[in-house]
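Counted the way mature numbering (1 follows the signal peptide of the UniProt record, and there is no 0) counts, the sequence shown spans residues -29 to -1, 1 to 51.
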Amino acid sequence: MASYARKFLAIFLFLTIAVFFFSTLEVQAKVCLRYSKYFQGKCFDPAGCKNNCTQMEKAISGDCHPDHGFGSACLCLFNC
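Structure (structure tokens):
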């Protein structure tokens, strides 16, 4: 009888830990960066870029990133 109780307890603990572990895993959504359609010129104002991306382009966020040349461009963060 004690052997059955130990097996039951071991299985119960294993399943409890497994459920806890899998319930805490987060699924990360894929995100993509795109150049802003409406932000003009070099990006020196990250807050303005973010506001433009979230308000006008319905993006998650936006920020100034280095461009291929000198300066930076406003890139918006979207769900892919």
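Quick reminder that beta carbons are idealized off the backbone N, C-alpha and C, glycines included.
Query	Result
On a CA-only basis, which of -7, -22, 26 and -6 is nearest residue 8? Give me that one, please.	26
In angstroms with no decimal places, state the Cα-to-Cα distance between residue 32 and residue 21.	5 Å
Residue -12 to residue -24, Cα distance in whole Å?	18 Å
By alpha-carbon positions, which one of 51, 6 and 50 ends up nearest to residue 37?	6
If I measure Cβ to Cβ from residue 42 and keep anything under 6 Å in the same chain, skipping five residues before and after, which residues do I get?	13
Does the beta-carbon distance from residue 23 to residue 51 come in below 8 Å?	no
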